[in-house]
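Residue numbers (this note's numbering): 426 to 796.
Think of the CB as a built atom: it goes at the ideal place given N, C-alpha and C, for glycine as much as any other residue.
Contents: one structure, followed by commentary.
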C-alpha cells in the first residue's frame with residue numbers, strides 16, 4: 426500500500442515536472458524588459474464558465490513586465506509606438522518621448538523609455554489617481570497634470586503634449602490614440618497569441634477601448650484568421666459615445682453619465698479604431714454597478730484581484746456568452762490589477778459616496794475592508 430502511494434506520488438510529481446519543463450522551454454529566456462512583453466497566459470474563469478456553459482477566458486495582460494498592477498496591454502502599445510518612431514527616424518538616441526494619456530499607456534511608455542534610455546514626459550488630466558501620477562514619477566517620467574477639458578479644446582492634454590514635442594529637439598509625440606502602430610501591436614502579437622492559446626477556437630472576443638488599439642488590432646487578426654467567423658464586440662462604460670455609435674451604425678455619438686473606470690471609453694472614434702470599426706459585431710454597455718460587483722466576484726470566486734477595467738471586460742464576456750449560447754468560447758482582456766485602486770474599490774465610504782455599496786452582494790461585503 427505504501428509502495429503504491431509512493432509510486433502514485435512519484436508519477437504525479439514527474440508529470441508536474443514534465444509540464445513545467447515544457448512551459449519553461451516554451452517561454453525561454455528574453456533580452457531585457459522589452460523581450461518580456463507579451464505571451465501572457467489565458468486564464469479560464471471557472472465559475473462564469475460553469476454558469477454560462479461556455480468557456481470564458483481572460484488574457485492576463487496584467488502580467489506584462491511593467492504592468493503587474495497598472496499598465497495592462499499598454500506595454501505592447503508603448504513598445505510599438507516607440508519602435509515606429511525609431512523606424513521612421515523621428516527618435517534618436519537620448520531623445521524624449523512625450524505623450525498625453527488618461528489611461529495607462531504613459532506608464533508603459535515610462536518603462537519602455539527607461540529600458541531604451543529615452544526621457545519621458547507625460548501630460549494627463551488632473552482627474553487621474555495620485556497613485557498613477559506617483560508611479561510615473563517613480564519611473565523617471567516628468568508628469569504634467571492639466572485641467573480635464575474636451576478633446577476639441579486646445580488645452581486638452583493631448584494637444585498640450587503635441588505642442589511640447591514640437592518645441593523640443595529630438596522629441597516625438599507618440600500620439601497613442603491615432604498612431605496606428607498601436608493597432609499593429611495587437612495584430613502582430615495579442616491576436617495571434619489568443620488564437621494559438623485557445624487552439625483556434627475563439628467564437629467571440631470582447632474588450633473595452635481607450636485608444637482603440639487593442640479592440641481594433643485583435644478584431645482584425647481574429648476576423649482574418651477565422652474567415653470572419655469570430656464575433657468581436659465592444660465593451661463600453663457609461664459616459665462613452667462608442668456604444669451609441671456602434672449600435673446606430675455610426676449615426677449617433679451620444680454620451681450620458683460617467684464611470685468609475687479610468688482610461689476606457691471614448692468621446693470620439695480614434696484612427697486606431699476607425700480602421701476596423703466596420704468589423705465590430707455589436708456593443709455591450711456595462712453599468713458601474715455590474716462592474717463593481719464583478720470586481721468582488723472575481724476576487725471571491727477566482728482569486729483574481731482585478732481592477733474595474735478588467736471587471737468591466739469580464740462582465741461583457743459573461744453577457745456575450747449568455748447571448749451566443751452554450752458550448753462556445755469567449756475571450757476577453759484582464760488588463761489591470763486592483764492594487765493601485767484598492768483605496769477606492771474596497772473602501773466603504775467611497776462605495777457609498779458613489780452609490781455602489783448596494784451593488785455588492787451581501788456575502789461579498791466582507792471584502793470592503795477599508796473605511
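Per the coordinates, the alpha-carbon of residue 793 lies some 12 Å from the alpha-carbon of residue 784. For residue 544, the enclosing beta strand (DSSP E) begins and ends at 544 to 550. For residue 710, the enclosing beta strand (DSSP E) stretches over residues 707 to 710. The C-alpha of residue 743 is placed about 11 Å away from the C-alpha of residue 711.
Ranked by Cα distance from residue 789, the options 747, 459, 505, 722 are led by 722. Taking the C-beta atoms as reference points, residue 566 is found no nearer than 9 Å to residue 525. For residue 500, the enclosing alpha helix (DSSP H) stretches over residues 499 to 512. Assigned with DSSP and collapsed to three states, residue 681 falls in coil, not helix or strand.
The beta carbon of residue 472 lies closer than 8 Å to those of 722, 726, 727 in the same chain, with the five residues before and after it left out. Here the alpha carbon of residue 618 sits roughly 38 Å from the alpha carbon of residue 572. Residue 683 sits close to residue 664, with the two beta carbons spaced by under 9 Å.
For residue 686, no alpha helix (DSSP H) encloses it, and the DSSP letter there is neither H nor E. By the beta-carbon neighbour count (other beta carbons within 10 angstroms, threshold 16), residue 625 is exposed. Contact between the segment 584 to 596 and the segment 503 to 510 is not established, with fewer than three Cβ pairs separated by less than 8 Å. A distance below 7 Å between beta-carbons, with the five flanking residues on each side excluded, links residue 707 to the following residues of its chain, in chain order: 658, 671. Cβ contact annotation for residue 574 (same chain, cutoff 7 Å, sequence separation greater than five): 580, 581, in chain order.
For residue 632, the secondary structure class from DSSP, reduced to helix, strand or coil, is strand. Residue range 638 to 650 is occupied by the alpha helix (DSSP H) that includes residue 642, with no beta strand (DSSP E) assigned at that position. If one requires a minimum length of 3 residues, the beta strand (DSSP E) runs lying completely within the segment 551 to 584 are 567 to 571, in chain order. Judged by DSSP in its simplified three-state form, residue 740 adopts helix. Counting the other Cβ atoms within 10 Å of the Cβ of residue 595 gives fewer than 16, which makes it exposed. With a cut-off of 8 Å on Cβ pairs, the segment 690 to 707 is not in contact with the segment 761 to 772, counting fewer than three such pairs. The segment 462 to 481 makes contact with the segment 744 to 761: 3 or more CB pairs, one atom from each, lie closer than 8 Å. A contact is defined here as three or more CB-CB pairs under 8 Å, and the segment 604 to 618 meets this definition with respect to the segment 635 to 649. As DSSP reads the structure, residue 482 sits in a beta bridge with 469, 756. Pairing residue 491 with residue 537 gives a Cβ-Cβ distance under 9 Å.
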